[in-house]
Amino acid sequence: MFNLWSILACIGAYFLGNINPAILVSRVLGGKEGDIRKQGSGNPGTTNMLRVYGKKAAGVTLLIDVLKGVVAVLIGRAIGGEPLAYLCGFLVEIGHMWPVCWGFKGGKGIATGLGILLAINPLYGLLELAIAVVAFVTTKMVSPGSIAAAIGLPILAHFFAPGFFWYALALAVIVIYKHRSNIKKLINHEESKISFKK
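Just so you know, we're using this note's numbering here: the sequence shown kicks off at 1 and counts up by one.
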């Protein structure tokens, strides 16, 4: 599987993950001091963009983050088939969560993860989205949906993308770890409910 093109695809997938629309859009809207990492929860992702900058900014962030995952998987598949597609999907997520270009401080990976799953197997991605949406609608909070979807990652991988299982298991653990502060807030009944007023 590994040749020069495969290695370049892996490197490219990681750095594709480094493109963080939440940081870039927030700086366009608010200048350097408007950096989303200095506002709200400090997380450079869709939910924090929604709370701080509103629906349009959040929508742009969501779209670009999802597309990153899709593109990484498609490039991997074109160069090395499914094994490389899975690895590139994993690496774009790692690049999103721990981007060298942003001091290794990135987002929690939910939107990019959705893009990865949709590209691997659309039904896999849609079922994961359904899990997240049901949990969100039930609680009016994003984090329970993200955590529930993370738990479902390796379970559904077993049925829809067996070759992705170990990557899915690793990502599930990482996503849950990334949500540790949210889990603490949920336990203490301090997690904020989402608002769509802006």
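Note that the Cβ used here is the ideal one computed from N, Cα and C, for glycine as well.
- Straight-line spacing of the CA atoms in isoleucine 187 and serine 181 works out to 10 Å.
- In this structure, the beta-carbon distance from valine 28 to isoleucine 36 does not fall below 9 Å.
- Going by beta carbons, valine 173 and threonine 112 fall outside the 9 Å limit.
- Just so you know, the alpha carbons of phenylalanine 136 and lysine 193 end up roughly 9 Å apart.
- Under the three-state reduction of DSSP, methionine 49 is assigned to helix.
- Between cysteine 101 and phenylalanine 15, the CB-CB gap stays under 9 Å.
- Secondary structure in the region 91 to 158: the alpha helix (DSSP H) runs of 4 residues or longer, each lying completely within the stretch, are 110 to 120, 122 to 139 in chain order.
- For alanine 170, the enclosing alpha helix (DSSP H) has its first and last residue at 165 to 178.
- Scanning Thr138, His158, Ile7, Val142 for the CA closest to the CA of isoleucine 183 turns up Val142.
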